[in-house]
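Residue numbers (UniProt numbering): 1 to 106.
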Amino acid sequence: MNTEQIENALAIAAAARELPMPWLTQAGFPGKKIVKDSFRDALAKFPETDAYDAITVRHALQTIIQGPDPRGGSFKAQAIHAAAQLHELALKELTTVTINSSNRGV
């Protein structure tokens, strides 16, 4: 585990913090403008990496900002799905960093 991998994991986690799931899944879904602004903030914190999972999540975030495909369901459903992808990646990356650090006695 190198410093870049740790920094990427932390950056992905910081991006995920911009899109709290309880906020997106509440009964009174926030307005589209504020949701898109939050996705922009998350994307700004998301690291540049060529890993497949990261590219997929980056695309999902960009799709919400640009306006999702109407064939893919409601804006709310697509925003929740994109945020969930981001949170899943953050958990995966942070878990990997933690396990690798523990195995190395760090």
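Just so it is clear, CB atoms sit at the ideal spot from N, CA and C, and this is done for glycine as well.
According to DSSP, is residue i part of a helix, a strand, or is it coil?
{"i": "Gly73", "result": "coil"}
{"i": "Gln5", "result": "helix"}
{"i": "Glu18", "result": "coil"}
{"i": "Phe29", "result": "coil"}
I'd like the span of the alpha helix (DSSP H) that includes residue i, first residue to last.
{"i": "Glu48", "result": "No alpha helix (DSSP H) holds Glu48; DSSP gives it neither H nor E."}
{"i": "Gln24", "result": "Inspection of the sequence shows that residue 24 is occupied by Leu rather than by Gln. Per DSSP, Leu24 belongs to the alpha helix (DSSP H) from 21 to 25."}
Assuming residue i contacts residue j under a Cβ cut-off of 8 Å, what Cβ separation, rounded to an integer in Å, is found between them?
{"i": "Ala90", "j": "Ala16", "result": "4 Å"}
{"i": "Ile12", "j": "Pro47", "result": "7 Å"}
{"i": "Glu93", "j": "Asn8", "result": "7 Å"}
Task: Sufficient close CB pairs (3 or more, under 8 Å) joining the segment 70 to 83 to the segment 19 to 39 - done: Touching, yes.
Open item on the list: Three or more C-beta pairs under 8 Å: does that hold for the segment 59 to 76 against the segment 23 to 38?
Closed with: Cβ pair count under 8 Å is three or more, so yes.
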